[in-house]
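Undergrad: The structure under discussion is supplied below as structure tokens; questions concerning it will follow.
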């Protein structure tokens, strides 16, 4: 094995004595939490949503589509048995109720 003691050390050490990195409480504050960090809010910041974004938000809140009903109604339309006077009256009444509310 080579002897490295003959290598001169001309540089002064710029590393000072070790200091304690901080108390336990300051280290705990630096540990990540389960809560996401809120971005800093600057006065005057604002967010504007496009019409498209508002529409997508409405779609997310809409009730789920009942595929079984859609399939049944499509079949009735194809067979010509869906549209009846009673169903038209019922649809018109529901539309009027929705418009009044």
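Numbering (the numbering used here), first residue to last: 1 to 101.
Cβ atoms here follow ideal geometry from the backbone N, Cα and C, with glycine treated the same way.
On a predicted model such as this, the values are computed, not experimentally measured, just so you know.
(1) Would residue 92 and residue 82 be called neighbours here (beta carbons separated by less than 9 Å)?
(2) Does residue 70 come out as helix, strand or coil in the three-state DSSP assignment?
(3) Can you tell me whether residue 48 is helix, strand or coil according to DSSP?
(4) What's the gap between the Cα of residue 96 and the Cα of residue 85?
(5) Excluding five sequence neighbours on each side, which residues of the same chain lie with their C-beta closer than 7 Å to the C-beta of residue 57?
(6) Once you ignore the five residues that flank residue 41 on each side, which residues in its own chain have a CB closer than 8 Å to its CB?
TA: Per the coordinate set shown:
(1) Translated into positions along the chain shown, residue 92 becomes position 92. Translated into positions along the chain shown, residue 82 becomes position 82. Not in contact: residue 92 and residue 82 (Cβ atoms no closer than 9 Å).
(2) For the purposes of this step, residue 70 is taken as residue 70 along the chain shown, with counting starting at 1. In the structure shown, residue 70 sits in a helix (DSSP, three-state: H, G or I).
(3) One-based indexing of the chain shown puts residue 48 at position 48. Three-state DSSP puts residue 48 in coil, outside helix and strand.
(4) Against the chain shown, residue 96 aligns to sequence position 96. Against the chain shown, residue 85 aligns to sequence position 85. Residue 96 and residue 85: Cα-Cα distance of roughly 16 Å.
(5) Position 57 of the chain shown, counting from 1, holds the residue named residue 57. Excluding sequence neighbours, residue 57 sits near nothing in its chain.
(6) Mapped onto the chain shown, residue 41 falls at position 41. Contacts found: none.
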